[in-house]
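For the sequence shown, this note's numbering gives the first residue as 534, with consecutive numbering after it.
Each residue gets a CB set at the ideal place from its N, CA and C atoms; glycine is no exception.
Following: one structure in structure tokens, then a few remarks.
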Amino acid sequence: SNGQLVTKKKILKLFYVKTNKYFNMPDLSYLDNYDKLWMAKTFGEFGTELQIFNTADDSYSDSRFDSLNNGLLFPKSFFNDNNNNLYITSGLSHFGNFGQIIRINTDREVSTIFDSKDFVEDSDSSFYTNQLFVGPGAFNEFNNTIVISTNDGIYELTLTKSDKRISEMKLL
């Protein structure tokens with residue numbers, strides 16, 4: 534399932550040489566509005582390897598982002614909104630629950646717009662005890678909301694115009 538991707542590289546415009554590039558078979562993939570294939574290989578509580586392939590020119594894009602820690606990324610879904618922002622729902626259920634929604638804008642700026650720890654009722658709880666596990670989500674273009682599945686049910690979240698965190702959610 535894992536291995537190397539063999540590609541060809543033209544040398545001096547005369548001949549091709551095989552090059553090896555490491556590739557992990559993804560658990561999750563998504564083709565965004567810019568024809569980039571976002572692929573994620575998850576390793577449970579050990580994080581994720583993110584790979585981005587540009588289908589328009591058959592090249593790999595840089596999958597490193599300054600403020601995105603792949604060790605704390607547990608993707609469950611990718612989706613775009615009407616402004617071509619990319620969203621990643623991320624959740625982990627391991628000795629407790631954890632969940633986030635991450636927005637990557639068109640300038641590759643990363644912001645966390647939802648964090649389940651913001652909705653913990655018991656302020657004395659620690660280590661993700663009362664947080665929501667965030668599963669797959671989707672963008673609803675008709676009312677500019679995100680719908681997410683959680684361990685507590687299906688929620689609708691209204692997007693903010695800026696990169697501020699979502700402060701309200703409605704159980705459907």
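Whether residue i touches residue j by CB criterion (8 Å)
| i | j | result |
| --- | --- | --- |
| Asn617 | Asn673 | no |
| Ile637 | Ile646 | no |
| Asn587 | Lys569 | yes |
| Ser695 | Phe666 | no |
| Asp591 | Lys574 | no |
| Gly624 | Gly668 | yes |
| Thr581 | Leu619 | no |
Rounded straight-line distance, which links the Cα of residue j to that of residue i
| i | j | result |
| --- | --- | --- |
| Gly670 | Pro608 | 10 Å |
| Asp640 | Asn684 | 33 Å |
| Glu689 | Leu547 | 57 Å |
| Ile621 | Ala589 | 22 Å |
| Phe595 | Asp614 | A small fix is needed here, since residue 595 is Asp in this sequence, not Phe. Asp595 and Asp614: Cα-Cα distance of roughly 21 Å. |
| Asn564 | Gly686 | Reading off the sequence, residue 564 comes out as Leu, not Asn. Spanning the two alpha carbons is a distance of roughly 27 Å. |
| Val643 | Phe579 | 21 Å |
| Tyr593 | Gln664 | 35 Å |
| Leu601 | Thr691 | 23 Å |
| Asn630 | Phe675 | 30 Å |
| Ser534 | Ile699 | Only weak support is given to the placement of Ser534: the predicted model assigns it a pLDDT of 45, under 50, and the question is left unresolved by the model. |
| Val491 | Arg597 | Limits of the chain in this structure are 534 at one end and 705 at the other, which puts residue 491 out of reach. |
Nearest residue (CA-CA) to residue i, options the options
| i | options | result |
| --- | --- | --- |
| Val680 | Phe611, Leu547, Leu605 | Phe611 |
| Glu648 | Asn615, Gly604, Glu701 | Here residue 648 is Asp; the residue named in the question, Glu, does not match the sequence. It is Glu701 whose Cα lies nearest to the Cα of Asp648. |
| Gly632 | Glu582, Asp651, Leu704 | Asp651 |
| Ser682 | Arg698, Phe675, Leu704 | Leu704 |
| Asn603 | Asn630, Tyr593, Met572, Phe628 | Met572 |
| Asn677 | Thr693, Gln664, Gly668 | Thr693 |
| Gln584 | Ser562, Thr691, Gly668 | Ser562 |
Beta bridge counterpart(s) of residue i as assigned by DSSP
| i | result |
| --- | --- |
| Glu642 | DSSP output for Glu642 lists no bridge partner at all. |
| Gln584 | Met572 |
| Glu689 | Val680, Lys703 |
| Gly670 | Ile681 |
| Arg698 | Answer by DSSP bridge pairing: none, since Arg698 is not bridged. |
| Pro608 | Ser623 |
| Gln633 | Ser623, Asp648 |
| Asn613 | Leu619 |
Residue i Cβ short of 7 Å to the ligand ATP heavy atom set
| i | result |
| --- | --- |
| Leu665 | The model on display carries no ligand, and the ligand ATP is accordingly not part of it. |
CB contact below 8 Å: residue i versus chain C
| i | result |
| --- | --- |
| Arg636 | Of the chains in the structure shown, none is chain C; there is only one protein chain. |
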